[in-house]
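Taken in order, these protein sequences are the chains called A and B. Under this note's numbering, think of the first position of the first sequence as 237, with each following residue one higher. Under this note's numbering, think of the first position of the second sequence as 18, with each following residue one higher. Using N, Cα and C, we set each Cβ at its ideal position, and we do this for glycine too. Because the structure is a prediction, the values reported are computed rather than measured.
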Amino acid sequence: DAKTTQPNSMESNEEEPVHLPCNHSTISGTDYIHWYRQLPSQGPEYVIHGLTSNVNNRMASLAIAEDRKSSTLILHRATLRDAAVYYCILRAPFSGNTPLVFGKGTRLSVIA
Amino acid sequence: KAGVTQTPRYLIKTRGQQVTLSCSPISGHRSVSWYQQTPGQGLQFLFEYFSETQRNKGNFPGRFSGRQFSNSRSEMNVSTLELGDSALYLCASSLAGRDQPQHFGDGTRLSIL
Chain A
237 DAKTTQPNSM ESNEEEPVHL PCNHSTISGT DYIHWYRQLP SQGPEYVIHG
287 LTSNVNNRMA SLAIAEDRKS STLILHRATL RDAAVYYCIL RAPFSGNTPL
337 VFGKGTRLSV IA
Chain B
18 KAGVTQTPRY LIKTRGQQVT LSCSPISGHR SVSWYQQTPG QGLQFLFEYF
68 SETQRNKGNF PGRFSGRQFS NSRSEMNVST LELGDSALYL CASSLAGRDQ
118 PQHFGDGTRL SIL
């Protein structure tokens, strides 16, 4: 899996939007961009994934740069429950159930 | 819908012992993966099972093994425990098919004394 680069930590105020960046300059043309997060004392949780177009679901939005060398996970209104480590992971298509390769992720703190 | 269930949640063992951890996947999920999480190494892949067959294996010594049963439940075993095996062991299940997200349990915290 190609390498991703994320900031070690970020801070946000509650009820404000949060933009979590991820750089993946060596992404191949067919790699999907996945995001997982891990809340304290819990296992990782799938958030969202996409290929080229921006994606939205009930948890977040994923904005993908036109050249696909970077992406941004957007939490529209941060809550205290969103405090977690966020992982950006690249996965080849048709990878089936090949393992997720986790980096160090971004630790998001949310201030009340 | 019930999530991935791992038992036990906490376990304390001593060096040289062996341990078996259990994972019950989400109903209908036939793929089960195991990961080890430590503060130093982060999340690392151990192995993945599908329909009772190991399909992928990470870079861990042979002391780490696993199996999957016909009902998709899985166990992992660690023999001759070492202090460095202290970690959070996470199980994840997913549907078959390309690019399915993995659903994780909350893990078993293993402490070696």
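- The Cβ atoms of A:Tyr-272 and A:Tyr-323 lie closer than 8 angstroms to each other.
- The contact set of A:Lys-340 on chain B, defined by CB atoms closer than 9 angstroms, consists of Gly-59 in chain order.
- About 4 angstroms separates the CB atoms of B:Tyr-52 and B:Leu-107; that is less than 8 angstroms, so the two are in contact.
- Interface residue (Cβ-Cβ distance to chain A less than 8 angstroms): B:Phe-77 is not classified as such.
- Proximity of B:Gln-71 to chain A, defined by a Cβ-Cβ separation below 8 angstroms, is not satisfied.
- Bounds of the beta strand (DSSP E) holding A:Arg-327 are 320-327.
- Taking a Cβ-Cβ threshold of 7 angstroms, none of the residues of chain B is close to A:Arg-304; the smallest such distance is about 16 angstroms.
- By DSSP's assignment, A:His-285 forms a beta bridge with A:His-270.
- For B:Arg-72, the uninterrupted beta strand (DSSP E) segment begins and ends at 70-74.
- Burial state of A:Thr-342 is buried, judged by a 10 Å Cβ sphere holding 16 or more other Cβ atoms.
- For B:Arg-47, the secondary structure class from DSSP, reduced to helix, strand or coil, is coil.
- With fewer than 16 other beta carbons inside 10 angstroms of its own, B:Ile-29 counts as exposed.
- Inclusion of A:Leu-336 and A:Ile-347 in the CB contact set at 8 angstroms is not warranted, their separation being larger than that value.
- Each residue's CA atom was taken as its position, placing B:Glu-99 and B:Phe-62 some 18 angstroms apart.
- Taking one beta carbon from each stretch, the segment 79-94 of chain B and the segment 285-303 of chain A have fewer than 3 pairs nearer than 8 angstroms; the two do not touch.
- Contact note: A:Glu-252 does not reach chain B at a C-beta cutoff of 7 angstroms; the least C-beta distance is about 27 angstroms.
- Residue state for A:Gly-265 is assigned as coil, using DSSP reduced to three classes.
- Against A:Gln-278, the close residues of chain B are Asp-123, in the order they occur along the chain (beta-carbon pairs closer than 7 angstroms).
- One finds nothing in chain A with a Cβ atom closer than 8 angstroms to the Cβ of B:Pro-56; even the nearest lies about 11 angstroms away.
- Look at B:Leu-112 here: in three-state DSSP terms it is coil, with no helix or strand label.
- Using beta-carbon distances, B:Gln-119 counts as an interface residue toward chain A, with a partner under 8 angstroms.
- With contacts defined as CB atoms closer than 8 angstroms, B:Gly-59 and A:Lys-239 fail to qualify as a contacting pair.
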